[in-house]
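Counting in the working numbering, the sequence shown runs from 18 upward without gaps. Heads up, the beta-carbon is just placed ideally off N, CA and C, and yes, glycines get one too. From a predicted model like this one, the values you see are computed outputs, not experimental measurements. Data block below; observations after.
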Amino acid sequence: MLDKLPISLKTKKILDKALDEPISYEDANYLINVGGSDLFALIATADYLRKEIVGNNVTFINNCNINFTNVCTVKCGFCAFARDLGDHDAYILTDEEILNKASRAVENGAREFCLMGGVLPDANIEYYEDLLKLLKNEFPNVLIHGFSPTMIYDASLKSEMDVDDSLKVLKRAGLDTLPGTAAEILTNRSRDLICPSKVNVSKWIDIVKSAHNVGIPSSATMMYGHVENIQERIEHLEILRNIQLETKGFTEFIPMTFMYEYSPIYNSGGKNLGATGTEDLKLYAVSRLMFRDLIPNIQVSWVKMGFKFAQISLTAGANDLGGTLGGDELSEASGAPDGVDASIEQLSNIVKDLGRLPIERNSKYTEFYPINY
Numbered sequence: 018m019l020d021k022l023p024i025s026l027k028t029k030k031i032l033d034k035a036l037d038e039p040i041s042y043e044d045a046n047y048l049i050n051v052g053g054s055d056l057f058a059l060i061a062t063a064d065y066l067r068k069e070i071v072g073n074n075v076t077f078i079n080n081c082n083i084n085f086t087n088v089c090t091v092k093c094g095f096c097a098f099a100r101d102l103g104d105h106d107a108y109i110l111t112d113e114e115i116l117n118k119a120s121r122a123v124e125n126g127a128r129e130f131c132l133m134g135g136v137l138p139d140a141n142i143e144y145y146e147d148l149l150k151l152l153k154n155e156f157p158n159v160l161i162h163g164f165s166p167t168m169i170y171d172a173s174l175k176s177e178m179d180v181d182d183s184l185k186v187l188k189r190a191g192l193d194t195l196p197g198t199a200a201e202i203l204t205n206r207s208r209d210l211i212c213p214s215k216v217n218v219s220k221w222i223d224i225v226k227s228a229h230n231v232g233i234p235s236s237a238t239m240m241y242g243h244v245e246n247i248q249e250r251i252e253h254l255e256i257l258r259n260i261q262l263e264t265k266g267f268t269e270f271i272p273m274t275f276m277y278e279y280s281p282i283y284n285s286g287g288k289n290l291g292a293t294g295t296e297d298l299k300l301y302a303v304s305r306l307m308f309r310d311l312i313p314n315i316q317v318s319w320v321k322m323g324f325k326f327a328q329i330s331l332t333a334g335a336n337d338l339g340g341t342l343g344g345d346e347l348s349e350a351s352g353a354p355d356g357v358d359a360s361i362e363q364l365s366n367i368v369k370d371l372g373r374l375p376i377e378r379n380s381k382y383t384e385f386y387p388i389n390y
């Protein structure tokens, strides 16, 4: 496959080997820095493996983000969404407002509620338990993908509960899957710069493993293109790979390119922020070569990248297009390029234009539904 491409011998050797086995940490560090024809060969190899592992289907979910508050005690340098309790534009949705938004989403075929928000000053596990029961009582067949490891940890402290016990309470109340958010970059150097009040690396790992061990699968995420260096991106991927080898609890990997324009770190003078397009593609491709079928689903975030570049990213090893979202206040506050709401038809057309088959899925990638567009 690679014989006719003018690529370096080292790149060819690594990519040939990658056709049969996961690449090593060292080889990933090399590939994340290639350019020119070597980059094209990397992308082609990742796309070939994607087809071998998951076929030509591109999955996505009809879902609805319910960001129940923008009040947050954790001030992150990348976040344009968070507000203090007394700010004029701060909000906490009432039960009625939450149910109204959920009801509209269900009328449009939603199969998942993504229940997220800021870290409220007084939110304990009972508060999150009540939110879950509120939605499950009205919509028992809609899966709930909710809360971040930081939210779980903070609420557990307030309730004076072990994280394991907290997760069991939330599972009984209706939590189906956990967003693997609050990961950002899993190195303490980067976290000390952009999110020092969030859980550190070891706590994030422990919480995610605990969720997997009590039977709550999760996504795995990475937000990149801010203060981290290229090697730290590979360190992050290696941590995720090691967790998955132990727990098998990740349903998908979601790289999220940093939208910096309205972020505090940019507005306070931060420079050289944001990943380039080639950096985006290399991250997708290298993650496919590292994860292979260990984490078979790699998702592109159209809300972060825009529809056109999300489509291009599907050629670099990715096989999932995220969700319809039904609004995403976090991304909207950061300047989402193509809005924060998509239709099944829009996402289907993106996929069909690539010559691939759009398939609707559930949160856990355990049920799939044909699309009639």
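- 59 is the residue among 46, 59, 42, 50 whose C-alpha sits nearest the C-alpha of residue 23.
- In terms of CA proximity to residue 118, 132 leads the group 107, 105, 132, 210.
- Contact fails between the segment 91 to 108 and the segment 44 to 56, because fewer than three Cβ pairs, one in each stretch, are under 8 Å apart.
- Between residue 272 and residue 221, the C-beta spacing is not below 8 Å.
- In summary, residue 121 is exposed, with fewer than 16 beta-carbon neighbours lying within 10 Å of its beta-carbon over all protein chains present.
- The distance from the Cβ of residue 162 to that of residue 196 is about 6 Å, consistent with a contact at the 8 Å cut-off.
- Residue 204 sits close to residue 218, with the two beta carbons spaced by under 8 Å.
- If you check the CB distance, residue 313 and residue 266 do not come in under 8 Å.
- Contact between the segment 128 to 145 and the segment 246 to 256 is absent, with fewer than three C-beta pairs closer than 8 Å.
- Per DSSP, reduced to three states, the secondary structure at residue 293 is coil, with no helix or strand assignment.
- Looking at the DSSP output, residue 385 sits in a beta bridge with 378.
- The three-state reading of DSSP puts residue 268 in strand, counting E and B together.
- The segment 136 to 181 is shown to contain whole beta strand (DSSP E) runs of 3 or more residues at 160 to 163, in chain order.
- In the DSSP assignment, residue 107 falls outside any alpha helix (DSSP H), carrying neither H nor E.
- Sixteen is the threshold: when 16 or more other Cβ atoms of the shown chains lie within 10 Å of the Cβ of residue 243, as they do, the residue is buried.
- Annotation: residue 254 to residue 101 spans about 33 Å, alpha carbon to alpha carbon.
- DSSP places residue 124 within a helical segment (H, G or I) once states are collapsed to three.
- With respect to the C-alpha of residue 65, the residue from 306, 326, 229 having the closest C-alpha is 306.
- DSSP places residue 57 outside any beta strand (DSSP E); the residue lies instead in the alpha helix (DSSP H), whose first and last residues are 53 to 71.
- In the structure shown, residue 119 adopts helical secondary structure according to DSSP, grouped into three states.
- Per DSSP, reduced to three states, the secondary structure at residue 329 is helical.
- When the five nearest sequence neighbours on each side are left out, the beta carbons in the same chain lying within less than 6 Å of the beta carbon of residue 229 are those of 264, 266, in order along the chain.
- Between residue 358 and residue 342, the gap from beta carbon to beta carbon is short of 8 Å.
- Closest in C-alpha terms to residue 187, from the list 152, 139, 111, comes 152.
- Residue state for residue 336 is assigned as coil, using DSSP reduced to three classes.
- With a threshold of 16 other beta carbon atoms within 10 Å, residue 215 meets it and is buried.
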